[in-house]
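**Student:** For the sequence shown, the numbering used here assigns the number 314 to the initial residue and increments by one for each residue that follows. Glycine included, C-beta positions come from ideal geometry on N, C-alpha and C.
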Amino acid sequence: MSRRAVLSIAVVCLLVLAVAAVPWTLPKGGLSARIASHLKQQYDIDFAVSGRSTFALLPTPRIKFEDVHLEAPGPAVIAQGGTLRAELNIIPLFLGRLEMGAISLSESKLSASFEQLRRHDWSGAIADEAQHMRLSRVVIAGSTLRWTDRPDDGLSSINAILAWAALDDTLSAVGSFSWRGETVAVEQAQFQPLALSSDRPGALSFTLALPAARVSVDGTAQLGSDPRFTGKSQIKATSVRDFTRWSGLDLPFGSLLKAVSVDGMLSFDRRRLSWPSVTVKLGPDALEGTLAVRLDGERPLITGTLAADEVDFSDVVMPLSSVTTSAGTWSDEVIDLSSATGSDLDLRLSATTAQLGRMRLGDMAMSVLVRPGRVEASLGRGTFHDGTLKGRLSLTRVDEGTELRAQGAFDRVDMAAFLAATGQGRWIQGPGQGQFAIEGTGRTPSDLVRHANGRSTVTIKDGELIGIGLDEAIRRVEKRPLAASLGWKGGRTPFDQAQVQFNIVDGLADIADSRLTASGFVTTLRGQISLIERDLDLKADVSAASATTPLPPAIVFGVSGRWHNVIVTPDARSLIERSGAAKPLFGQAHPLATSVMPRPIATSQ
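As structure tokens, this is what we get:
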């Protein structure tokens, strides 16, 4: 064959390839009408084209329609505008039939009813599609979705690829979309449509990357009247607070938690989600046990039993530290339980060591109960510096605001360590025991304290007062009463037993009974402690010990100031009255004295 013939054949082939590769504009009707008929017959989809239609043969036969309208009457899905591209199977095309192997829809506006999609018979639809499956890939790019019955929850920037190669194969999907201003990525999703549509177990796995969270599931699912799933799951939230704010999902204490992960075997049915063996991590701390979510009630109920070697619950008890302001007064912010009571919770926790704010407890066992408008925490046991603690706290929403009920007991607790853990000064030490009960109602912490009522009893044995030497003060007052006010600070006072009983009424604690006994003297307290102003107004009568009759006070101390800054000062009048030289100053009043109250003769501090 001559060169000219070969060159001619090559030119003709190139022209044919060029003609086959270049898109050809098609007249309205014709091929688009056949495509519309094909979609209606095979998939019950109404199809119309308002823009240009083009066709190209190479590299694969393909057709493109601009400004399309698609409507699926079954699940009520409408696609308005955008471009539809379809790849045609070449062998049926040569035989005069149209079969689409893959389609893509881009820059389209989708609309659908969420409730209709939720109630749609997807098992039947998948089974029907499996009988005449033709599409191997569906692509959606740059599109939006508007829910007709949920206008505020639409999706934007939808990009997805769905691939289903064969009838018995797994359908795979990847993609992303934007919801509530954040991107949600479907990193991988796989399931077996034919098995699931036939009420047979089929493989199901997916991984979602959500704002501040990640969810991964891998196992076996079964659809039908009683859908169920068993397999592995992993849920990680870098910030539960941010996730609940974005998703609107109500979780107990969701606004307080930071990093949380749930990892374990998962089973699911219509009634509950359950993890029979689960590891829950709060930051770096791991708790192991069981967890479940009941779904058959009016509200989801989370139940579980978890145990840990060491765990930090400081984030959960953080609101307790915000009941006071930086100035040391009670807060006037309204107490809002809604952020903590979105879902029901019944959780039992135990730990070898637990951190609750400033307090570190050992061998702790507690439970947390959340119901609508109510939070209850119960400490069954906990060791603290060789002592034990137990108590119960409940907050309940009522018409007047929030009702507080708290009660507890402690035994052989190091009082100095306890005061330090609660942010108070270490002015007393020794093993203490006692109990308390308090209740109140109000809209703010300040209101709660103002309406608080209750009682408390504290007993300390073999302890010591720090910062004051009462035995030295008594010796001084016996010799030189007026000089007893000097040099008494900075000492220590060992005692055998100290006991005090309070009655709390409307935020004021009156001392009903008190007694401190030591070697050589006895001390009693009288006065009042204000829970409202967080201050004290007390008198401490110190008397020499007597086995027969009570003796008058040898010295009286005034105890005043704020809780975190207690001021103890000797009472000047009691010292002057004990001085022989100064005693006549308090004798019979002068005849010319008026009825006006005299000014103090002397003060001492």
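For Ser691 and Ile391, I'd like the C-alpha separation in whole angstroms.
**Tutor:** Answer to the nearest angstrom: the Cα atoms are 54 angstroms apart.
**Student:** Could you have a look at Trp559 and say whether DSSP puts it in helix, strand or coil?
**Tutor:** Of the three classes helix, strand and coil, the one that applies to Trp559 here is helix, per DSSP.
**Student:** Between the C-alpha atoms of Thr520 and Gln720, what's the straight-line distance to the nearest angstrom?
**Tutor:** Thr520 and Gln720: Cα-Cα distance of roughly 46 angstroms.
**Student:** Tell me, which residues are paired with His382 by DSSP?
**Tutor:** The partner list for His382 (beta bridge, DSSP) reads Ala361 and Gln393.
**Student:** Just to confirm, is the Cβ distance from Ala853 to Val869 under 8 angstroms?
**Tutor:** Going by C-beta atoms, Ala853 is nearer than 8 angstroms to Val869.
**Student:** For Gln668, does the three-state DSSP call read helix, strand or coil?
**Tutor:** DSSP places Gln668 in strand when its eight states are reduced to three.
**Student:** Count the C-beta pairs between the stretch 706-715 and the stretch 671-680 that are closer than 8 angstroms, then say yes if the count reaches three, no if not.
**Tutor:** At 8 angstroms Cβ cutoff, the stretches do not touch.
**Student:** Please state whether DSSP places Gly617 in a helix, a strand or coil.
**Tutor:** Three-state DSSP puts Gly617 in a strand.
**Student:** Which of helix, strand or coil does DSSP assign to Ser707?
**Tutor:** Ser707 falls in the strand class under three-state DSSP.
**Student:** What residues match up with Ser424 in a beta bridge as DSSP calls it?
**Tutor:** Ile391 and Arg459.
**Student:** Less than 8 angstroms separating the beta-carbons of Leu468 and Phe490?
**Tutor:** Against a cut-off of 8 angstroms, the Cβ pair of Phe490 and Leu468 comes out as a contact.
**Student:** For Val606 versus Leu579, is the C-beta spacing smaller than 8 angstroms?
**Tutor:** No, the pair does not count as a contact, with Cβ atoms beyond the cut-off.
**Student:** Could you name the residues of the same chain whose beta carbon sits closer than 7 angstroms to that of Ala906, not counting the 5 residues immediately before and after it, in chain order?
**Tutor:** Per-residue confidence for Ala906 stands at a pLDDT of 40, beneath the threshold of 50, marking its modelled position as unreliable; the derived number appears in the next sentence. Excluding residues within five positions, none has a Cβ falling inside 7 angstroms.
**Student:** Return the Cβ separation of Ala767 and Ile817 in integer angstroms, given the expectation that the two are a contact with Cβ distance under 8 angstroms.
**Tutor:** It is worth fixing the name first, because residue 767 is Gly in this sequence and not Ala. Confirmed, about 5 angstroms.
**Student:** Are the CB atoms of Ala664 and Ala620 nearer to each other than 8 angstroms?
**Tutor:** Yes, the Cβ-Cβ distance between Ala664 and Ala620 is below 8 angstroms.
**Student:** Check Asp628 in the structure and name its three-state DSSP category.
**Tutor:** It is helical.
**Student:** Just how far apart, CA to CA, sit Gly747 and Ala822?
**Tutor:** Rounded to the nearest angstrom, the two C-alpha atoms are 16 angstroms apart.
**Student:** Whose C-alpha, out of Leu352, Trp588 and Ala765, is nearest the C-alpha of Ala750?
**Tutor:** Of Leu352, Trp588 and Ala765, the residue nearest in Cα terms is Ala765.
**Student:** Does the Cβ-Cβ distance between Ser574 and Ile615 come in under 8 angstroms?
**Tutor:** No, Cβ-Cβ distance for Ser574 and Ile615 is not below 8 angstroms.
**Student:** Label Gln505 either buried or exposed according to how many other C-beta atoms from any shown protein chain fall within 10 Å of its C-beta, with 16 as the threshold for buried.
**Tutor:** With 16 or more other Cβ atoms within 10 Å, it is buried.
**Student:** Buried or exposed: Thr836, going by 16 or more other Cβ atoms within 10 Å of its Cβ?
**Tutor:** Result: buried.
**Student:** Taking the continuous alpha helix (DSSP H) assigned at Val688, which residues delimit it?
**Tutor:** No alpha helix (DSSP H) holds Val688; the beta strand (DSSP E) holding it covers Arg687 to Phe697.
**Student:** Please confirm whether Gly455 and Ser424 have their CB atoms less than 8 angstroms apart.
**Tutor:** Not closer than 8 angstroms, so no.
**Student:** Gln503: which of Glu495, Asp512 and Asp482 sits nearest, CA to CA?
**Tutor:** Residue Asp482 is the option with its Cα nearest to Gln503.
**Student:** Tell me whether Asp649 sits in a helix, a strand or coil according to DSSP, three-state version.
**Tutor:** Coil, per DSSP.
**Student:** Taking 8 angstroms as the cut-off, decide whether the C-beta atoms of Ala525 and Thr551 are in contact.
**Tutor:** Yes, the Cβ-Cβ distance between Ala525 and Thr551 is below 8 angstroms.
**Student:** Comparing C-alpha positions only, which one of Ser560, Gln429 and Ala486 sits nearest to Gly494?
**Tutor:** Checked all of Ser560, Gln429 and Ala486; the closest Cα to Gly494 is Ser560.
**Student:** Helix, strand or coil for Arg763 per DSSP?
**Tutor:** If DSSP states are grouped into helix, strand and coil, Arg763 belongs with the helices.
**Student:** Using the rule of at least 16 other Cβ atoms within 10 Å of the residue's Cβ for burial, across every protein chain shown, is Ser908 buried or exposed?
**Tutor:** With a pLDDT of 39 at Ser908, under the threshold of 50, the predicted position of this residue should be treated as unreliable, though the coordinate-derived value follows. With fewer than 16 other Cβ atoms within 10 Å, it is exposed.
**Student:** Whose C-alpha, out of Gly745, Arg718 and Gly655, is nearest the C-alpha of Glu752?
**Tutor:** Ranking the options by Cα distance to Glu752, first place goes to Arg718.
**Student:** Below 8 angstroms on the Cβ atoms is my guess for Gln810 versus Lys774; work out the distance and round it to an integer in Å.
**Tutor:** Confirmed, Cβ separation roughly 5 angstroms.
**Student:** What number of angstroms, rounded off, separates the C-alpha of Leu650 from the C-alpha of Pro388?
**Tutor:** Spanning the two alpha carbons is a distance of roughly 40 angstroms.
**Student:** What do you get for Ala867, buried or exposed, if any count of 16 or more other CB atoms within 10 angstroms of its CB means buried?
**Tutor:** With 16 or more other Cβ atoms within 10 Å, it is buried.
**Student:** What's the gap between the Cα of Leu658 and the Cα of Ala733?
**Tutor:** Cα to Cα, Leu658 sits roughly 32 angstroms from Ala733.
**Student:** Only counting the same chain, and skipping five residues up and downstream in sequence, which positions put a Cβ closer than 6 angstroms to that of Lys377?
**Tutor:** So the qualifying residues of the chain are Thr367 and Arg398.
**Student:** Which residue wins for smallest C-alpha separation from Ile416, given the options Thr373, Glu428 and His433?
**Tutor:** Ranking the options by Cα distance to Ile416, first place goes to Thr373.
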